[in-house]
Amino acid sequence: MKSAVTTVITAADAAGRFPDISDLKAVKESFDRAAARMEAAEKLAAGIDNVTADALKAVYSDGKYDLATRDKCARDINHYLRLINYCLIAGSTGPLDEWGIAGVREVFRTLGIPTSAYIEAFSYIRERVCVPRDMDQQAANEFKDLLNYLINALS
Amino acid sequence: MLDAFSRAVVGADAKGACLGSADLASLRQHVADANIRIDATNAISQHISCIAADAVSGMVCENTGMTQPGGNCYPTRRMAACLRDGEIILRYVSYALLAGDASVLDDRCLNGLKETYDALGVPIQNAVRAVEIMKAATVAIITDTNSGPSAFQGISGKGSDCQGIAAEAASYFDRVISSLS
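Protein chains in written order, with the working numbering: chain A, 594 to 748; chain B, 10 to 190.
What follows is the structure, encoded as structure tokens:
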């Protein structure tokens, strides 16, 4: 599983070197940002059901999508938010890449699922994050970065 | 390969649950102790030869027959292989210490090591002895209790604050020993 620290170790191992000063610096930087990431992860975990419900309401409000797909859409939004929660902990996009993005285009194309619904949902969540009501600025930035990453991957 | 963070992520994914406040307590402690962990890893990186080469030489000094004709460290080609292996094991221990998780050591170093040594006729008890000396030297350097000039220089403070991380480093060496034995 790719994370901030394992990425550094993988590179050091490929070169056959002990963790040197620049490796340790990279690890230290990721630890310095960890507090903000964990705050975002914690708030997201606590509010994941509300966030999912709000996003769902926004996506299905104008009747563009078949209401029969609503439950499945809720499940998927929840799934992606959970992966974002993991990415915030790991300090890397590894969990999203490995469990949420690899193969997703093929699956959506085969099943005829419109990715635009997900993009609308995650864009809505991104716009709705409110500082400092939901989380502080740094945490919100980390969260929005990952939402943008996911939106780009699905676009 | 996992670290303390991705270990938590993989555990949560198996349950299909988010990582919430309850799970974050131990990770927050891990983050709070980050400087100590980085110092300890750096202490190893700064004393590679002091730890690895001395341990192998020490093991040979205890068994002087090894460098004589017929011994396992004769000729120098085999002694060189032994020195190299000491350094490789120490390197994976340093990765495990930095990651806060033994998986990198298990997957990339220990998996199949005993079988390889058995096939090559490496005497296991001598290999274990060298690892034991590396363990003692590493703990002494990290806790700043080595004999001779102080070897510890850290951003987190004193070597005496590093008892916990030294014990963690020792546990990775124990892992090497138990996988070889």
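Quick reminder that beta carbons are idealized off the backbone N, C-alpha and C, glycines included.
All figures in this text were calculated on a predicted structure; none of them were measured in a lab.
Give me, in chain order, the residues of the same chain whose beta-carbon lies closer than 6 Å to that of residue i; leave out the 5 immediate sequence neighbours on both sides.
{"i": "Glu713/A", "result": "Val652"}
{"i": "Ala633/A", "result": "Leu681, Met728, Ala732, Glu735, Phe736"}
{"i": "Arg626/A", "result": "none"}
{"i": "Tyr803/A", "result": "Any property of residue 803/A remains undetermined from this structure, which presents chain A solely from 594 to 748."}
{"i": "Tyr104/B", "result": "Val113"}
{"i": "Ile186/B", "result": "Val137, Val140"}
{"i": "Ala683/A", "result": "Ser596"}
{"i": "His131/B", "result": "Checking the sequence, you will find Val at residue 131/B rather than His. Here the set comprises nothing."}
{"i": "Ile150/B", "result": "Ala52, His56, Ala160"}
Around the Cβ of residue i, are there at least 16 other Cβ atoms within 10 angstroms (buried) or fewer (exposed)?
{"i": "Thr50/B", "result": "buried"}
{"i": "Ala139/B", "result": "buried"}
{"i": "Asp616/A", "result": "buried"}
{"i": "Val722/A", "result": "buried"}
{"i": "Thr686/A", "result": "buried"}
{"i": "Glu635/A", "result": "buried"}
{"i": "Pro612/A", "result": "buried"}
{"i": "Cys171/B", "result": "buried"}
{"i": "Leu689/A", "result": "buried"}
{"i": "Ser709/A", "result": "exposed"}
{"i": "Asn741/A", "result": "exposed"}
{"i": "Leu92/B", "result": "buried"}
{"i": "Val697/A", "result": "buried"}
{"i": "Arg610/A", "result": "exposed"}
{"i": "Leu676/A", "result": "buried"}
{"i": "Ser15/B", "result": "buried"}
{"i": "Ser748/A", "result": "exposed"}
{"i": "Leu704/A", "result": "exposed"}
{"i": "Thr147/B", "result": "buried"}
{"i": "Ala128/B", "result": "exposed"}
{"i": "Val724/A", "result": "exposed"}
{"i": "Asn671/A", "result": "buried"}
{"i": "Ala695/A", "result": "exposed"}
{"i": "Ala23/B", "result": "exposed"}
{"i": "Ser190/B", "result": "exposed"}
Quick check: what's the CA-CA separation for residue i versus residue j?
{"i": "Val65/B", "j": "Ala145/B", "result": "13 Å"}
{"i": "Leu119/B", "j": "Glu141/B", "result": "16 Å"}
{"i": "Ala90/B", "j": "Gln55/B", "result": "22 Å"}
{"i": "Lys621/A", "j": "Gln38/B", "result": "15 Å"}
{"i": "Gly693/A", "j": "Ala638/A", "result": "18 Å"}
{"i": "Pro158/B", "j": "Ala178/B", "result": "22 Å"}
{"i": "Leu99/B", "j": "Leu739/A", "result": "36 Å"}
{"i": "Ala21/B", "j": "Ala111/B", "result": "19 Å"}
{"i": "Asp63/B", "j": "Val69/B", "result": "10 Å"}
{"i": "Thr85/B", "j": "Gln77/B", "result": "10 Å"}
{"i": "Tyr658/A", "j": "Arg668/A", "result": "16 Å"}
{"i": "Arg87/B", "j": "Glu96/B", "result": "14 Å"}
{"i": "Leu660/A", "j": "Gly109/B", "result": "47 Å"}
{"i": "Gly67/B", "j": "Gln134/B", "result": "14 Å"}
{"i": "Asp94/B", "j": "Tyr101/B", "result": "11 Å"}
{"i": "Ala160/B", "j": "Thr154/B", "result": "9 Å"}
{"i": "Ala607/A", "j": "Met143/B", "result": "23 Å"}
{"i": "Ile614/A", "j": "Ala605/A", "result": "11 Å"}
{"i": "Cys82/B", "j": "Met10/B", "result": "33 Å"}
{"i": "Asp231/B", "j": "Glu699/A", "result": "No answer is possible for residue 231/B: it lies beyond the span of chain B, which begins at 10 and ends at 190."}
{"i": "Ser623/A", "j": "Gln162/B", "result": "22 Å"}
Sorted by chain position, which residues of the same chain lie with C-beta nearer than 8 Å to residue i's C-beta, five sequence neighbours on each side aside?
{"i": "Arg663/A", "result": "Leu649, Tyr653"}
{"i": "Met594/A", "result": "Ala683, Gly687, Pro688, Glu691"}
Measure how close the beta-carbons of residue i and residue j come, nearest whole angstrom, since I'm counting them as under 8 Å.
{"i": "Met550/A", "j": "Leu36/B", "result": "The structure shown does not extend to residue 550/A, since chain A spans only 594 to 748, so no value can be given for it."}
{"i": "Thr603/A", "j": "Asp12/B", "result": "With a Cβ gap of about 11 Å, Thr603/A and Asp12/B do not count as contacting."}
{"i": "Tyr679/A", "j": "Val40/B", "result": "Contact flag wrong, Cβ pair sits at about 16 Å."}
{"i": "Ile47/B", "j": "Ile53/B", "result": "Wrong, their Cβ atoms sit about 11 Å apart, outside the cutoff."}
{"i": "Phe715/A", "j": "Leu743/A", "result": "6 Å"}
{"i": "Leu122/B", "j": "Ser188/B", "result": "7 Å"}
{"i": "Ala619/A", "j": "Val601/A", "result": "5 Å"}
For residue i, which residues in the same chain have their Cβ closer than 7 Å to its Cβ, ignoring the five residues on either side in sequence?
{"i": "Thr152/B", "result": "Gly168, Ser169, Cys171, Gln172, Ala175"}
{"i": "Gly74/B", "result": "Gly80"}
{"i": "Leu674/A", "result": "Leu637, Ile641, Val644, Thr645"}
{"i": "Asp116/B", "result": "Met10"}
### Query
Between the region 11 to 29 of chain B and chain C, which residues of the former have CB atoms less than 9 Å from a CB of the latter, in chain order?
Of the protein chains in this structure, namely A and B, none is chain C.
### Chain-ordered residues of the region 37 to 56 of chain B with a beta carbon less than 8 Å from chain A
Within the region 37 to 56 of chain B, the residues whose Cβ lies closer than 8 Å to some Cβ of chain A are Arg37, Val40, Ala43, Asn44, Ile47, Thr50, Asn51, Ile53, Ser54, listed in chain order.
### Task
Could you list the residues in the region 103 to 117 of chain B with a C-beta less than 7 Å from some C-beta on chain A, going in chain order?
Cβ contacts with chain A: Ser103, Tyr104, Leu107, Ala108, Val113, Arg117.
### Task
Determine which residues of the region 628 to 656 of chain A have a Cβ less than 8 Å from any Cβ of chain B, and write them out in chain order.
So the list reads Ala628, Met631, Ala634, Glu635, Leu637, Ala638, Ala639, Ile641, given in the order they occur along the chain.
### Task
Residues of the region 594 to 606 of chain A with a CB closer than 9 Å to any CB of chain B: list them in chain order, please.
Those residues of the region 594 to 606 of chain A placed with their C-beta closer than 9 Å to a C-beta in chain B are Met594, Lys595, Ser596, Ala597, Val598, Thr599, Val601, Ile602, Thr603, Ala605, Asp606, ordered along the chain.
### Query
Listed in chain order, which residues of the region 674 to 698 of chain A have Cβ atoms closer than 9 Å to some Cβ of chain B?
Against chain B - using a Cβ distance shorter than 9 Å - the residues of the region 674 to 698 of chain A are Leu674, Arg675, Leu676, Asn678, Tyr679, Cys680, Leu681, Ile682, Ala683, Gly684, Ser685, Gly687, Pro688, Trp692.
### Task
Determine which residues of the region 700 to 733 of chain A have a Cβ less than 9 Å from any Cβ of chain B, and write them out in chain order.
The region 700 to 733 of chain A vs chain B, Cβ under 9 Å: nothing.
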